[in-house]
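Going line by line, the protein sequences match chains A and B.
Sequential numbering from 896 applies to the first sequence in our numbering.
Sequential numbering from 156 applies to the second sequence in our numbering.
Input: a single structure, listed below in structure tokens.
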Amino acid sequence: MENIKYVGEHLLPGQLGHFFTILAFVASLVATVSYFSSVQQQDPLKKASWLKMARWAFFVQTASVFAVFAFLYYIISNHLFEYKYAWQHSSRDLEVKYLLSCFWEGQEGSTLLWSVWHSVLGCILIYTSKKWEGPVLTVISFAQACLAAMLLGIYVFDYKLGSTPFILMRQDAPDSPVFMNPNYLQFKQFVDGNGLNELLKNYWMVIHPPVLFLGFASVIVPFAYAIGGLWTRKYAEWVKPALPWALFAAMMLGTGIMMGAAWAYESLTFGGYWAWDPVENASLVPWLTLVAGVHTLLAYRSSGHALRSTFFFFIISFVFILYSTFLTKSGVLGQTSVHSFTDMGMSGQLLVLLGLFSIPSFWLLIKRNKEIPKIVKEESTYSREFWLFVGALVLLVSGLQITFITSIPVWNKLLDFFGLKKLFNLEDFAPPTEPVFYYNQIQIWLAIIVATLTAAVQYLKYKDTPKGTVMKKLGWPTLIAVGITVLIAWAGRIYYTNYGAGFLVAIYLMLFASIYAIVANFGYIFVVLKGKTKAAGASVAHIGFGLTLLGILISSSKMEVLSIDSMGVLNGYFTKESGQNSRENVMLPKGLPVQMGPYFVTYRGDSVDAADKSKTLFIMDYEKKARLEDEPAERFTLYPDAFLNIKGQEGITPNPDSKHYLTRDIFTYITAVPRKDVVTDSTPYQEHVIAQGDTIYFSKGFMVLNNLKTSPEQKNYHPEPGDIAVGAEIYVHTKSNGDFNLRPVYFIRDSSFQSNIPDSITPLSLAVRFTKILPNENKVQIEVKETQAPMDYVVMKALVFPFINVLWIGILVMIVGFVMSIRQRIRR
Amino acid sequence: MKKTSIILLVVIAVCVAGMVMMVGDFSTYETFATARKKEGKKIHVIGALDKGKEVVYDPAKDANYFSFFMKDKSGEVTKVVFNGTRPTDFEKSTELVLTGKMVGSEFHCDKILMKCPSKYKDEQTAYSAQKDI
Chain A
896 MENIKYVGEH LLPGQLGHFF TILAFVASLV ATVSYFSSVQ QQDPLKKASW
946 LKMARWAFFV QTASVFAVFA FLYYIISNHL FEYKYAWQHS SRDLEVKYLL
996 SCFWEGQEGS TLLWSVWHSV LGCILIYTSK KWEGPVLTVI SFAQACLAAM
1046 LLGIYVFDYK LGSTPFILMR QDAPDSPVFM NPNYLQFKQF VDGNGLNELL
1096 KNYWMVIHPP VLFLGFASVI VPFAYAIGGL WTRKYAEWVK PALPWALFAA
1146 MMLGTGIMMG AAWAYESLTF GGYWAWDPVE NASLVPWLTL VAGVHTLLAY
1196 RSSGHALRST FFFFIISFVF ILYSTFLTKS GVLGQTSVHS FTDMGMSGQL
1246 LVLLGLFSIP SFWLLIKRNK EIPKIVKEES TYSREFWLFV GALVLLVSGL
1296 QITFITSIPV WNKLLDFFGL KKLFNLEDFA PPTEPVFYYN QIQIWLAIIV
1346 ATLTAAVQYL KYKDTPKGTV MKKLGWPTLI AVGITVLIAW AGRIYYTNYG
1396 AGFLVAIYLM LFASIYAIVA NFGYIFVVLK GKTKAAGASV AHIGFGLTLL
1446 GILISSSKME VLSIDSMGVL NGYFTKESGQ NSRENVMLPK GLPVQMGPYF
1496 VTYRGDSVDA ADKSKTLFIM DYEKKARLED EPAERFTLYP DAFLNIKGQE
1546 GITPNPDSKH YLTRDIFTYI TAVPRKDVVT DSTPYQEHVI AQGDTIYFSK
1596 GFMVLNNLKT SPEQKNYHPE PGDIAVGAEI YVHTKSNGDF NLRPVYFIRD
1646 SSFQSNIPDS ITPLSLAVRF TKILPNENKV QIEVKETQAP MDYVVMKALV
1696 FPFINVLWIG ILVMIVGFVM SIRQRIRR
Chain B
156 MKKTSIILLV VIAVCVAGMV MMVGDFSTYE TFATARKKEG KKIHVIGALD
206 KGKEVVYDPA KDANYFSFFM KDKSGEVTKV VFNGTRPTDF EKSTELVLTG
256 KMVGSEFHCD KILMKCPSKY KDEQTAYSAQ KDI
């Protein structure tokens, strides 16, 4: 192996990349030790020199991380397929805008992205955090060392530490005979890469991961401040600088999660914007606890209560970030999520990472628990801090429930590990059979409490509120919210009984709670703050939160499937199951309008995408009308696309197209197309001997032989001199697809050769031929064939999501609110 | 006792009660034989596609009828009916996780989770392609 001289490989970028990974690892270890010593050291001179060294080390690690990023990008963008990462995730025909998506498709790339953001945040903190630089950067440098270790890919005694993105194809599978050939790069499988997963070819996939990972990375800052506070025993001072960072982290993480939701919504890969998939849950939980931490922190600043819970929330948020990394990257989710990464043999390392941060942090918190200042006097029930604390607890419960269920595969592993499974003869637990409803039925109650608190708590004052004033101020918002709720429930016909009356009550309550949150916070801005926007950040964020909940509630309870297939209505439609198991796919033969809700949809044909040749576009015409023969009130065309049988796959990878309205979105996507390789049409013709005026019935209607004509005209019949030709004029009527005319021709050529020209109606898959004249009986023989498999068709699904824009507007408003709060907190 | 302590205790009690309830409510992975005993209840069954038997999806007849035979962990082969279209790359799956219930002798499922040899199909195609040389 070693002595083969390979041709055409570019080894330098990989070697440099690997070198800088190691340098980043070493430099961040140096930075960790130096920062640690600078905090522990009392002598100001020594302290300063440690600090100087630490800074240099951190800058070196930052530069190294950027260099690693640059080399990996160089490899991908230059299509150096001798590298496994480039081969696995990219291909030559990939559009430039998606090169970054392949960067984060793999585990190593996403870890690198996380590390890049840590470096950026670390550099900002070096210049802004002043006396907190030492403790905060110790934590971040240590995290950087851990992340770099995940990219090392070197063996430490038999254990492979990390996985490097710079591994060569031939190093990955050294035993493969192909690598005995020095010219292996010229083989066809190395000329082009495997390419990016088709589902990820979406612009959201270019921007969602960087934003999400910025959110992930910034959760470490409030965590690092909290640890710094515990470590240096400055229990009160860390709170002020940590608050804007906590807000920033909550904003970025929330935005990143919802960008992922927007991607899921547009590509429908999760069947909507949120599916309670483990990978989604894993990133939501830290957001919940972080928001809880922000609220207890505010309570502490104004009342002195809830400092310990603030420590707890910031620590647990970061622990949950690491736990979500463990869940998505270790392969433990295997049977429960198709969206997580597969195991790369790093689960042990990921567990160690989780332990390295969570055990010392909680140990420190418990050890210093007694020293943390607290107020002995109990808080009043009429105080804001009391209810902020309650709200934070509800958020924690919400996060714990999600984690508990998402971790089912982990529980299985743990039970197995401790031998409990054998002991109690347990079977593996499975995730909920109906995850969406399972989570919704619990989370909706927590959301009702949180939304109601969001509405009411701002009207309370810190420490104590004079009795009576609360009701006076809250009275109007409450009444208005009740009014709007009744109006929306009645006018919007919110009547979702799929899961019984109890759940419907919850829906009405949540409708009220979310509207209450919106109205009461509006009221707060105008009545209490007198329209002063400077201090209104929190209220604006709360309005956004209320709108988000409202949008979730309306769009999911009113989501509708247009493409309900009424075929086979009698067998199965009225059974007990049919309510839940609706038949959501409809087959559309080419050119045949099919009714779906208020629309008639026609499949016009397909064409190949101009930019990406492997993609097929399907042309679907929508016409809004009550009956087929009416003039359409509205007409539009959608172009859902799909990758057909790519990369040796059998089947399609579809991508929906949608028509966006202000109040609803109509989605269309292709779920199946005919297999081009099996075109067997063996259906025989059925013979009918009929006279003029007789009728033949077929599955979709009937046909009448109106007339027999000599010298017929038909586009496929080209008369020659001496032909004796007769054409049949057949009128075809169908129940649902309108009327047609058929003109099959029978002829005798050269006075002996009998032949015929059939005629067909493609959309009905109906073919008719005229095969014999029986002059004695004054009858003719007509043969009819209905093909079982039509020539061309698509199977599609059409969905309507109403008022989804309320959700997106809510998210935007929430982001604006966060930005306002951050500005306000930095200025103070 | 302080109010916050009482609330904390209540929350912890609710959480523990909730956990116990949730654990009791957890579904498990079944075989067709145990599923038959719980006819009508929704459960998970793990198994593999029986490649010897026919796989039916004919949209011209019914766009929402997909049937195949699956061999569960105990080796029993049962007909499975899915209300939907045929999933991409179905025949290449190495393992199937079905969610649904027994109806008579058939298993009616509304969710099929497939495990393919490799999630983003990498090595698989690479090294199978090498055999062509």
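The beta-carbon is built from N, C-alpha and C at its ideal position, and this holds for glycine as well.
Residue closest to residue i, alpha-carbon to alpha-carbon, out of the options
i: residue 966/A; options: 1132/A, 1633/A, 905/A and 1314/A; result: 905/A
i: residue 1162/A; options: 1535/A, 1699/A and 1596/A; result: 1535/A
i: residue 1635/A; options: 1160/A, 934/A and 1659/A; result: 1659/A
i: residue 1505/A; options: 988/A, 970/A and 949/A; result: 988/A
i: residue 1024/A; options: 1610/A, 1356/A and 1133/A; result: 1133/A
i: residue 1713/A; options: 1373/A, 1528/A, 1240/A and 1142/A; result: 1142/A
i: residue 1558/A; options: 960/A, 996/A, 1661/A and 1704/A; result: 1704/A
i: residue 1554/A; options: 1603/A, 1429/A, 1489/A and 1696/A; result: 1696/A
i: residue 1221/A; options: 1048/A, 1478/A and 1042/A; result: 1042/A
i: residue 1411/A; options: 1395/A, 1443/A and 1430/A; result: 1443/A
i: residue 1580/A; options: 1589/A, 1622/A and 1653/A; result: 1653/A
i: residue 1420/A; options: 1407/A, 1413/A and 1434/A; result: 1434/A
i: residue 928/A; options: 968/A, 1034/A and 899/A; result: 1034/A
Residue-level contact to chain B via CB, residue i, 8 angstroms cutoff
i: residue 1300/A; result: yes
i: residue 1567/A; result: yes
i: residue 1296/A; result: yes
i: residue 1218/A; result: no
i: residue 1482/A; result: yes
i: residue 1530/A; result: no
i: residue 1034/A; result: no
i: residue 1214/A; result: no
i: residue 1664/A; result: no
i: residue 1478/A; result: yes
i: residue 1292/A; result: yes
CB contact check: residue i to chain A, cutoff 8 angstroms
i: residue 182/B; result: yes
i: residue 173/B; result: yes
i: residue 199/B; result: yes
i: residue 123/B; result: No information on residue 123/B is available, as it lies outside the stretch 156 to 288 that chain B covers here.
i: residue 249/B; result: no
i: residue 157/B; result: yes
i: residue 241/B; result: yes
i: residue 162/B; result: yes
Proximal residues to residue i (C-beta, below 6 angstroms), its chain only, five neighbours per side dropped
i: residue 1694/A; result: 1456 and 1562
i: residue 1231/A; result: 1173, 1304 and 1326
i: residue 1110/A; result: 1147, 1148 and 1151
i: residue 974/A; result: 987
i: residue 983/A; result: 1089
i: residue 1004/A; result: 998
i: residue 1360/A; result: 1277
i: residue 1518/A; result: 1495, 1527 and 1530
Residues near residue i by beta carbon distance below 7 angstroms, same chain, minus five either side
i: residue 1345/A; result: 1286, 1289 and 1290
i: residue 1463/A; result: Low per-residue confidence applies at residue 1463/A: pLDDT is 45, beneath 50, and the placement is therefore not dependable, though the value from the model is reported in the following sentence. There are no such residues.
i: residue 1269/A; result: 1202 and 1203
Neighbourhood of residue i by C-beta, 8 angstroms cutoff - its chain only, sequence neighbours within 5 removed
i: residue 1503/A; result: 1510, 1511 and 1512
Give, in chain order, every residue of the stretch 217 to 237 of chain B whose Cβ lies closer than 7 angstroms to some Cβ of chain A. Result list: 217, 218 and 219.
message = At 3 residues or longer, what runs of the beta strand (DSSP E) sit wholly inside the stretch 1673 to 1721 of chain A?
response = Listed in chain order, the complete beta strand (DSSP E) runs (minimum 3 residues) inside the stretch 1673 to 1721 of chain A are 1674 to 1681 and 1688 to 1697.
| Can you list the beta strand (DSSP E) stretches of 3 or more residues lying completely in the stretch 1051 to 1117 of chain A, in chain order? | If only uninterrupted beta strand (DSSP E) runs of at least 3 residues are considered, those enclosed by the stretch 1051 to 1117 of chain A are 1054 to 1056.
When Cβ atoms are compared, which residues of the stretch 200 to 216 of chain B fall closer than 9 angstroms to chain A?
Within the stretch 200 to 216 of chain B, the residues whose Cβ lies closer than 9 angstroms to some Cβ of chain A are 201, 212, 213, 214, 215 and 216, listed in chain order.
**Message:** Any C-beta of chain B within less than 9 angstroms: which residues of the stretch 1314 to 1329 of chain A qualify?
**Reply:** Taken in chain order, the members of the stretch 1314 to 1329 of chain A whose beta-carbon sits within less than 9 angstroms of a beta-carbon on chain B are 1321, 1322, 1323, 1324, 1325, 1326, 1327, 1328 and 1329.
Exercise for review: Identify every run of the beta strand (DSSP E) within the stretch 1572 to 1657 of chain A, keeping only runs that are complete inside it and at least 3 residues long; order them along the chain.
Suggested key: Listed in chain order, they are 1581 to 1585, 1590 to 1593, 1596 to 1605, 1619 to 1629, 1634 to 1637, 1640 to 1644, 1648 to 1652 and 1654 to 1656.
Please identify, using Cβ separations under 8 angstroms, the residues of the stretch 1271 to 1288 of chain A that lie next to chain B, in order along the chain. Going along the stretch 1271 to 1288 of chain A in chain order, one finds 1273, 1274, 1276, 1281, 1284, 1285 and 1288 with a Cβ nearer than 8 angstroms to chain B.
Query raised in the report: Got a sec: which bits of the stretch 1686 to 1702 of chain A sit with their beta carbon under 7 angstroms from any beta carbon on chain B, in order along the chain?
Result: The residues in question are 1688 and 1690.
Give, in chain order, every residue of the stretch 1365 to 1391 of chain A whose Cβ lies closer than 8 angstroms to some Cβ of chain B.
For the stretch 1365 to 1391 of chain A, there are no residues whose beta carbon sits under 8 angstroms from a beta carbon of chain B.
- Closer than 8 angstroms, Cβ to any Cβ of chain B: which residues of the stretch 986 to 1013 of chain A, in chain order? Look at the stretch 986 to 1013 of chain A: the residues with a C-beta under 8 angstroms from a C-beta of chain B are 1000.
Exercise for the section: May I have a chain-ordered list of the alpha helix (DSSP H) segments no shorter than 4 residues that lie completely inside the stretch 968 to 992 of chain A? Expected result: Counting only unbroken stretches of 4 or more residues, the alpha helix (DSSP H) elements lying wholly within the stretch 968 to 992 of chain A are 979 to 984, in sequence order.
Inset, instruction - Taking only runs that begin and end inside the stretch 1314 to 1398 of chain A, name each unbroken alpha helix (DSSP H) of 4 or more residues, in chain order. - result: Scanning the stretch 1314 to 1398 of chain A for uninterrupted alpha helix (DSSP H) segments of 4 residues or longer gives 1315 to 1318, 1330 to 1351 and 1364 to 1386, listed from N- to C-terminal end.
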